[in-house]
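Student: Handing you a structure now.
2 protein chains.
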Amino acid sequence: MTENSPKIRLFLDAALSVGQMVELTPAQTHYLGGVMRRAAGHEVAVFNGRDGEWRAVIEVMEKKRARLRILEQTAPQLGPPDLWLMFAPIKKARTDFIVEKATELGCARIQPVLTRFTNAERVRVDRLQAHAVEAAEQCGGTFVPEVAEPVRLDRLLGDWPADRRLMFCDEARTALPVAEALAGAGGGPWAILVGPEGGFASDEAARLRAIPGVVPVTLGPRILRADTAAAAAITAWQMQLGDWT
Amino acid sequence: MTENSPKIRLFLDAALSVGQMVELTPAQTHYLGGVMRRAAGHEVAVFNGRDGEWRAVIEVMEKKRARLRILEQTAPQLGPPDLWLMFAPIKKARTDFIVEKATELGCARIQPVLTRFTNAERVRVDRLQAHAVEAAEQCGGTFVPEVAEPVRLDRLLGDWPADRRLMFCDEARTALPVAEALAGAGGGPWAILVGPEGGFASDEAARLRAIPGVVPVTLGPRILRADTAAAAAITAWQMQLGDWT
Numbered sequence: 003m004t005e006n007s008p009k010i011r012l013f014l015d016a017a018l019s020v021g022q023m024v025e026l027t028p029a030q031t032h033y034l035g036g037v038m039r040r041a042a043g044h045e046v047a048v049f050n051g052r053d054g055e056w057r058a059v060i061e062v063m064e065k066k067r068a069r070l071r072i073l074e075q076t077a078p079q080l081g082p083p084d085l086w087l088m089f090a091p092i093k094k095a096r097t098d099f100i101v102e103k104a105t106e107l108g109c110a111r112i113q114p115v116l117t118r119f120t121n122a123e124r125v126r127v128d129r130l131q132a133h134a135v136e137a138a139e140q141c142g143g144t145f146v147p148e149v150a151e152p153v154r155l156d157r158l159l160g161d162w163p164a165d166r167r168l169m170f171c172d173e174a175r176t177a178l179p180v181a182e183a184l185a186g187a188g189g190g191p192w193a194i195l196v197g198p199e200g201g202f203a204s205d206e207a208a209r210l211r212a213i214p215g216v217v218p219v220t221l222g223p224r225i226l227r228a229d230t231a232a233a234a235a236i237t238a239w240q241m242q243l244g245d246w247t
Numbered sequence: 003m004t005e006n007s008p009k010i011r012l013f014l015d016a017a018l019s020v021g022q023m024v025e026l027t028p029a030q031t032h033y034l035g036g037v038m039r040r041a042a043g044h045e046v047a048v049f050n051g052r053d054g055e056w057r058a059v060i061e062v063m064e065k066k067r068a069r070l071r072i073l074e075q076t077a078p079q080l081g082p083p084d085l086w087l088m089f090a091p092i093k094k095a096r097t098d099f100i101v102e103k104a105t106e107l108g109c110a111r112i113q114p115v116l117t118r119f120t121n122a123e124r125v126r127v128d129r130l131q132a133h134a135v136e137a138a139e140q141c142g143g144t145f146v147p148e149v150a151e152p153v154r155l156d157r158l159l160g161d162w163p164a165d166r167r168l169m170f171c172d173e174a175r176t177a178l179p180v181a182e183a184l185a186g187a188g189g190g191p192w193a194i195l196v197g198p199e200g201g202f203a204s205d206e207a208a209r210l211r212a213i214p215g216v217v218p219v220t221l222g223p224r225i226l227r228a229d230t231a232a233a234a235a236i237t238a239w240q241m242q243l244g245d246w247t
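Encoded structure:
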């Protein structure tokens, strides 16, 4: 591989320390050897979501198995802000997109939420989690957001943690513009809620507005698709309260 | 159609005034009659990018042709801010996505740019323009951004208008955080430039930084894909300088 080969980053579900040996999964073995044409002796970057980024060298590269030896830590662990993205699942490609964008832009947890007007195909959490891993490998982050099992909105709100603020993207556009709404707000645990394409039912919206610590926001004068709203809302939050400052 | 039928909005390339008759295109005829099952007597909303939004009634709905009669204006024309989005085309689905997001978030012009490291399939401007129309119909805007023919970066910069400021999304991450970089900036004509997946060549980046009125910005601590960067950059600009305030 030349100096200009793209850097490969792999997420490993394993402890990382100097000299540690790690077996790759079949999918990783195929990607590294079959797709990226790496061989024994080549180096890759690895992370596990807890221990920062490390250099590793390929010790064994066979058709069906591969093993890395961990060399040294190259970057410290950098967690995301304590931000949850909560959204009503939509079509498959757009849901995948939301998970990818939430990972790159920086969330700790991705929570699918079933609202009255949610009209989604079945949510495959394992597939979404794999998307989050891939996005984390790509964007240089050392964390992978947890993709949670879908929950119903009423259960989520019934159980809402008292110390977590809630940025509610209100498509009714009666709330303050997002920059103004977040201007006075402080840090700490937050969540963003983006509604379904059909909007929230009126009792859902009323219940949301009654949550202590809720901050309703308006994301501009046009109607954003749910995936656009998710990306815009995370950007706005990160710029004012998160790790983009 | 019931009260709850989703509102249909059509972009018409025609003058709009009370009593005006407008023939639909074959694609619009198919969509309205075949897909959405609308018939003579049903109403739709229409806009042409210049005259705001209007109510119209279907006068004729046949298999191959349809005609609307324009009834009355229902919303004023609301143009986008004078913001250009310039980006190096990437894979088809992600380029489509950028055009959709730029339309919803609000740009006046979408300019594909060919950089040294641009590695794109051929750009079909007519197809991208059709995507912008569809996104405008969906998001409730009364304008459609113009999708321009691709130009080479050196030609674009050689011809750069003196009064247009340039927000340069610098993936080298040496620039100020975006909120800080834009904080002192004023309104007027602006452009956002998002680089290709391979980054800018060093002479391209140097030339960009030398443009009078350039504002280099950093979009957070992670490496964003070009489509993510485009959506985040437009959001940041709109929040601080555009029509989201």
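So the sequences go chain by chain: A and B.
Just so you know, we're using my numbering here: the first sequence kicks off at 3 and counts up by one.
Just so you know, we're using my numbering here: the second sequence kicks off at 3 and counts up by one.
Glycine included, every Cβ here is placed at the ideal spot set by N, Cα and C.
1. Is there contact between the region 188-205 of chain A and the region 113-133 of chain A, where contact requires at least three CB pairs shorter than 8 Å?
2. Put Ile-60(B) into one of helix, strand or coil per three-state DSSP.
3. Are there 16 or more other CB atoms within 10 angstroms of the CB of Thr-144(B), so buried, or fewer, so exposed?
4. Does chain A have any CB closer than 8 Å to the CB of Leu-85(B)?
5. Taking a Cβ distance cut-off of 9 Å, strictly less, list which residues of the region 17-50 of chain B are near chain A, in chain order.
6. Say yes only if the C-beta of Gln-22(A) is nearer than 7 Å to one or more non-hydrogen atoms of the ligand HEM, and no if none qualify.
7. Just curious, the alpha helix (DSSP H) that Val-20(B) is in, first and last residue?
8. Determine the burial state of Val-196(A): buried for a count of at least 16 other Cβ atoms within 10 Å of its Cβ, exposed for fewer.
9. Below 8 Å CB to CB, which residues in the same chain sit around Ala-17(A) once its five sequence neighbours on both sides are set aside?
10. Give me the chain B residues within the contact set of Gly-108(A), using Cβ-Cβ distance strictly less than 9 Å, ordered along the chain.
11. Name the residues in the region 165-191 of chain A whose C-beta lies less than 7 Å from a C-beta of chain B; which are they?
12. Can you list, in chain order, the residues of its chain with a C-beta nearer than 6 Å to that of Ala-137(A)? Leave out the 5 residues immediately preceding and following it.
13. Straight-line CA distance for Glu-5(B) to Gly-189(B)?
14. Just by C-beta distance, which residues in the region 140-157 of chain B are closer than 8 Å to chain A?
15. Alpha carbon to alpha carbon, what distance is there between Leu-159(B) and Ala-187(A)?
16. Since Met-169(B) is in the beta strand (DSSP E), which residue starts that stretch and which ends it?
17. Enumerate in chain order the residues of its own chain whose CB-to-CB distance from Asp-84(B) is below 6 Å, with the five nearest sequence positions on each side excluded.
18. Going residue by residue through the region 125-195 of chain B, where are the continuous alpha helix (DSSP H) segments of at least 4 residues, counting only ones entirely within it?
19. Check distances from the C-beta atoms of the region 225-239 of chain B to those of chain A and list, in chain order, the residues that come in under 8 Å.
20. Could you name the residues that DSSP lists as bridge partners for Pro-218(B)?
21. Based on DSSP bridge pairs, tell me the residues matched to Val-37(A).
22. Taking the alpha-carbon positions, what's the Asp-229(A) to Gly-21(A) distance?
23. Can you name, in chain order, every residue of its own chain whose Cβ lies under 6 Å from the Cβ of Pro-91(B), other than the five neighbours on each side?
24. Nearest-angstrom Cα distance between Met-3(B) and Gly-43(B)?
25. For Arg-96(B), does the three-state DSSP call read helix, strand or coil?
26. Give the interface partners of Gln-242(A) over in chain B, defined as CB-CB distance under 8 Å, in chain order.
27. Among Leu-70(A), Ala-95(A) and Trp-86(A), which one has its Cα closest to the Cα of Leu-14(A)?
28. Between Leu-155(A) and Leu-80(B), what straight-line distance do the alpha-carbon atoms span, to the nearest angstrom?
29. To which residues of the same chain is Gln-242(A) closer than 8 Å at the C-beta, ignoring the five residues directly before and after it?
30. Do you know how far the Cα of Ala-47(B) is from the Cα of Thr-27(B)?
31. Closer than 7 Å, Cβ to Cβ, to anything on chain A: give me those residues from the region 116-134 of chain B, in chain order.
32. Can Asp-38(A) and Ile-10(A) be called in contact, C-beta distance under 8 Å?
33. Using DSSP with H/G/I as helix, E/B as strand and the rest coil, what is Ala-77(A)?
34. Taking only beta-carbon positions, decide if Lys-103(B) is within less than 8 Å of chain A.
35. Specify the secondary structure class of Ile-72(B) as computed by DSSP and reduced to three states.
36. Nearest chain B C-beta to Trp-56(A) closer than 8 Å, yes or no?
Tutor: In terms of the structure at hand:
1. With the cut-off at 8 Å, the region 188-205 of chain A and the region 113-133 of chain A touch.
2. As a working note, residue 60(B) is residue 58 in the second sequence. Ile-60(B) falls in the strand class under three-state DSSP.
3. Working through the second sequence from its first residue, we reach residue 144(B) at position 142. By the neighbour-count rule (16 or more Cβ atoms within 10 Å), Thr-144(B) is buried.
4. Your numbering for residue 85(B) matches position 83 in the second sequence. Not one chain A Cβ lies under 8 Å of Leu-85(B).
5. none
6. Although the ligand HEM was asked about, the structure shown includes no ligands whatsoever.
7. Taking the second sequence and counting its residues from 1, the one referred to as residue 20(B) is at position 18. Run containing Val-20(B): none; DSSP gives neither H nor E here.
8. In the first sequence, the residue the question calls residue 196(A) occupies position 194. Label assigned to Val-196(A): buried.
9. For this step, residue 17(A) is matched to residue 15 along the first sequence. Closer than 8 Å at Cβ, skipping near neighbours: Asn-50 and Asp-53.
10. If you number the first sequence from 1, residue 108(A) lands on position 106. Chain-order list of chain B residues neighbouring Gly-108(A): Gly-222, Pro-223 and Arg-224, by C-beta distance under 9 Å.
11. Those residues of the region 165-191 of chain A that come within reach of chain B (Cβ to Cβ, closer than 7 Å) are Pro-179, Val-180 and Ala-181.
12. On the first sequence, position 135 is the one that residue 137(A) refers to. Answer for Ala-137(A): Glu-102, Thr-105 and Glu-106, listed in chain order.
13. Start at 1 with the first residue of the second sequence, and residue 5(B) comes out as number 3. Start at 1 with the first residue of the second sequence, and residue 189(B) comes out as number 187. Because Glu-5(B) carries a pLDDT of 43, less than 50, the predicted location of this residue cannot be relied on, and no value is offered for it.
14. Gln-140, Cys-141, Gly-142 and Gly-143
15. Against the first sequence, residue 187(A) aligns to sequence position 185. Against the second sequence, residue 159(B) aligns to sequence position 157. C-alpha of Ala-187(A) to C-alpha of Leu-159(B): approximately 40 Å in a straight line.
16. Residue 169(B) sits at position 167 when you count from the first residue of the second sequence. Unbroken beta strand (DSSP E) run through Met-169(B): 167-171.
17. Sequence index remark: in the second sequence, residue 84(B) carries index 82 (1-based). Answer for Asp-84(B): Ala-110 and Pro-191, listed in chain order.
18. 127-141, 155-160 and 180-185
19. Ile-225, Leu-226, Arg-227, Thr-230, Ala-233, Ala-234, Thr-237 and Ala-238
20. Here residue 218(B) is taken as the residue at index 216 of the second sequence, counted from 1. In DSSP, Pro-218(B) forms a bridge with Phe-170(B).
21. On the first sequence, position 35 is the one that residue 37(A) refers to. Answer is none; Val-37(A) lacks a bridge partner.
22. For the purposes of this step, residue 229(A) is identified with residue 227 of the first sequence, where counting begins at 1. For the purposes of this step, residue 21(A) is identified with residue 19 of the first sequence, where counting begins at 1. Their backbone Cα atoms lie some 42 Å apart in a straight line.
23. Residue numbering aside, residue 91(B) sits at position 89 when the second sequence is read from its first letter. So the qualifying residues of the chain are Thr-97, Pro-114, Ala-122 and Val-125.
24. By one-based count along the second sequence, residue 3(B) stands at place 1. By one-based count along the second sequence, residue 43(B) stands at place 41. Unreliable placement is indicated for Met-3(B), whose pLDDT of 41 sits below 50; the coordinate value is still reported in the next sentence. About 10 Å.
25. As a first step, residue 96(B) is located in the second sequence; it is residue number 94 there, counting from the start. Residue state, collapsed to three classes: helix.
26. To locate residue 242(A), count along the first sequence from 1; it is residue 240. In chain order: Ala-181.
27. By one-based count along the first sequence, residue 14(A) stands at place 12. When only C-alpha atoms are compared, the closest one is Leu-70(A).
28. The sequence position of residue 155(A) within the first sequence is 153, counting from 1. The sequence position of residue 80(B) within the second sequence is 78, counting from 1. Near 35 Å, if we compare the C-alpha coordinates of Leu-80(B) and Leu-155(A).
29. Here the question's residue 242(A) lines up with position 240 in the first sequence. Beyond the five residues adjoining it in sequence on each side, Gln-242(A) comes within less than 8 Å, by CB distance, of Ala-181, Leu-184, Ala-185 and Ala-187 in the same chain, given in chain order.
30. Looking up residue 27(B) in the second sequence gives position 25. Looking up residue 47(B) in the second sequence gives position 45. So the two alpha carbons sit approximately 16 Å from each other.
31. none
32. For the purposes of this step, residue 38(A) is taken as the residue at position 36 of the first sequence. For the purposes of this step, residue 10(A) is taken as the residue at position 8 of the first sequence. One detail in the question is off: residue 38(A) reads as Met in this sequence, not Asp. With a cutoff of 8 Å on beta-carbon distance, Met-38(A) and Ile-10(A) are scored as near each other.
33. Position 75 of the first sequence, counted from the first residue, corresponds to residue 77(A). Looking at Ala-77(A) - three-state DSSP - the assignment turns out to be strand.
34. Counting from 1 along the second sequence, the entry for residue 103(B) is found at position 101. Output row for Lys-103(B): interface = yes.
35. Here residue 72(B) is taken as the residue at index 70 of the second sequence, counted from 1. It is a strand residue.
36. Locating residue 56(A) in the first sequence gives position 54, counting from the first residue. Closer than 8 Å: no.
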